[in-house]
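Everything in the sequence shown is counted per this note's numbering, starting at 1434 for the first residue and increasing by one. We treat Cβ as the ideally placed atom computed from N, Cα and C, and that holds for glycine.
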Amino acid sequence: MVNGDSGSQQLLETLRSIDTQTIVTMFLILVAAYVLGRVITALLSKLSEKMSREGRIKVKMIIPAVKFGIYVLAFYYILREIFSIFGPELLLLTGLLGAAIGFGVKDLFADMIGGLVITFEKPYQIGDKISIGDYYGEVTDIGLRATKLVTPDDNTVTAPNSLIFNETVASGNYGASEMMVVIDLYIASESNVETAMRILREAVVSSKYVYISGSSPVILLHKALPFYTRLRAKAYVNDLRDEFKFESDVHTRAWIEFLKNGIRAPQLHILNLPPVGENRESDAPTRRNTRSNAGARRDSEFNVDFSKNFEF
1434 MVNGDSGSQQ LLETLRSIDT QTIVTMFLIL VAAYVLGRVI TALLSKLSEK
1484 MSREGRIKVK MIIPAVKFGI YVLAFYYILR EIFSIFGPEL LLLTGLLGAA
1534 IGFGVKDLFA DMIGGLVITF EKPYQIGDKI SIGDYYGEVT DIGLRATKLV
1584 TPDDNTVTAP NSLIFNETVA SGNYGASEMM VVIDLYIASE SNVETAMRIL
1634 REAVVSSKYV YISGSSPVIL LHKALPFYTR LRAKAYVNDL RDEFKFESDV
1684 HTRAWIEFLK NGIRAPQLHI LNLPPVGENR ESDAPTRRNT RSNAGARRDS
1734 EFNVDFSKNF EF
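Put into structure tokens, the structure is as follows:
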């Protein structure tokens, strides 16, 4: 075993003895692993889109495992070369690598560990609808460093895999093709709740996007609140990608029937306040008026008009 200055000297001599061909070979192995992983991911993703919704989910589930398998093989060949080159200096090299990870690439290392956790523990999978951090969308890729998801606004978000250790992740379907959608409608308190609930149920069960089975029933709830009544429908969509189509379809058809049956949206009463600076005098002597006059002016500035209301 080598230690101290002699160990460092031997390590430096070993590094100088590495020929260019070995470095090029390691680099080509990494490049080949990256390219092969991208090609296989693209092919499997394209194949999955041509299959049924169940087949699409199953094919996309194996993509991260295939990618990590390729990377593991690449690192195996690279580590084998490192072992054969360094031999007794490997312990010292490991210490240097540990220091580099601690000071320079700890975030990258944490992302890679997070990718392994995601791949094998599967808190979410490709094709899932998840909420992570401040974002919600469909997972399109799980890489060695980051997860990509597409939001409802068609933005691609790249989230570091290390978020799995710090953020709560919620999966809407957890590997299934069906997903529950919660739809809230708000009506005026004086509206007929029984009629509204019947209309909402008909709008849900007649939607072309709904999925109903013994384990996926339609659930309707209502809650009376001080200024309005909330109607809530819980139902599953046949394909998780139809989440917003289903919600829009139910909203549109339910409100058409609500209006036909005299069911209104709640009214919000607001205060009609004058613009800032109204009724203020511009000259300095007037601003330095007596306390009683100033108080009277402030009272006049905040007269409230309750005769107007806002309807949504």
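Which class does Leu1701 belong to by DSSP, given the choice of helix, strand or coil?
strand
Look at the Cβ atom of Val1637, then the Cβ atom of Ala1609, and state whether they are nearer than 8 Å.
no
With C-beta atoms as the reference, is Lys1562 less than 8 Å away from Gly1502?
no
Using beta-carbon positions only, say whether Gly1547 and Tyr1504 come within less than 8 Å of one another.
no
For Phe1460, does the count of other Cβ atoms within 10 angstroms reach 16, so buried, or fall short, so exposed?
exposed
Limits of the alpha helix (DSSP H) - the one that Met1630 falls within
1626-1638
Tell me whether the beta-carbon of Ile1620 lies closer than 8 Å to the beta-carbon of Tyr1669.
no
Decide yes or no for the touch test of the stretch 1680-1700 against the stretch 1647-1656: beta carbon pairs closer than 8 Å, at least 3 of them.
no
On the criterion of 16 or more Cβ atoms from any shown chain inside 10 Å, does Tyr1509 qualify as buried, or is it exposed?
exposed
If distances are taken between C-alpha atoms only, which option among Thr1573, Asn1594, Thr1591 comes closest to Arg1489?
Thr1573
Measure the C-alpha to C-alpha separation of Val1602 and Gln1454 and round it to an integer number of angstroms.
45 Å
I'd like to confirm the pairing. Which residues does DSSP put opposite Ser1564 in its beta bridges?
Tyr1569, Ala1603
Supposed contact pair Ile1559 and Ile1473 - C-beta distance, whole angstroms, cut 8 Å:
With 8 Å as the limit, Ile1473 and Ile1559 do not qualify as a contact, their Cβ atoms being about 13 Å apart.
N-terminal and C-terminal residue of the beta strand (DSSP E) that Met1613 is part of:
1612-1620
Exposed or buried, Pro1593, counting other C-beta atoms within 10 Å across all chains shown (16 or more means buried)?
buried
Using 8 Å as the threshold, is the C-beta distance between Arg1578 and Met1545 below it?
yes
Would you mind sorting Glu1627 into buried or exposed? The rule is 16 or more other CB atoms within 10 Å of its CB.
exposed
Spatial neighbours of Ile1632 in its chain, beta-carbon cut-off 8 Å, leaving aside the 5 residues before and after:
Ala1687, Glu1690, Phe1691, Asn1694, Ile1696
By the three-class DSSP mapping on this structure, what secondary structure does Pro1659 have?
coil
Is it buried or exposed, Lys1641, if we count other Cβ atoms within 10 angstroms and call 16 or more buried?
exposed
Just tell me which of Val1468, Asp1675, Ser1595 has its CA closest to the CA of Glu1611.
Asp1675
Residues that DSSP places opposite Tyr1644 in a beta bridge
Tyr1669
Since Ala1687 sits in a beta bridge, which residues does DSSP pair it with?
Beta-bridge pairing links Ala1687 to no other residue.
Pick from Glu1635, Gly1647, Met1494: whose alpha carbon is nearest that of Ile1575?
Met1494
Relative to the C-alpha of Ala1543, which candidate in Asn1599, Leu1476, Leu1582 has its C-alpha closest?
Asn1599
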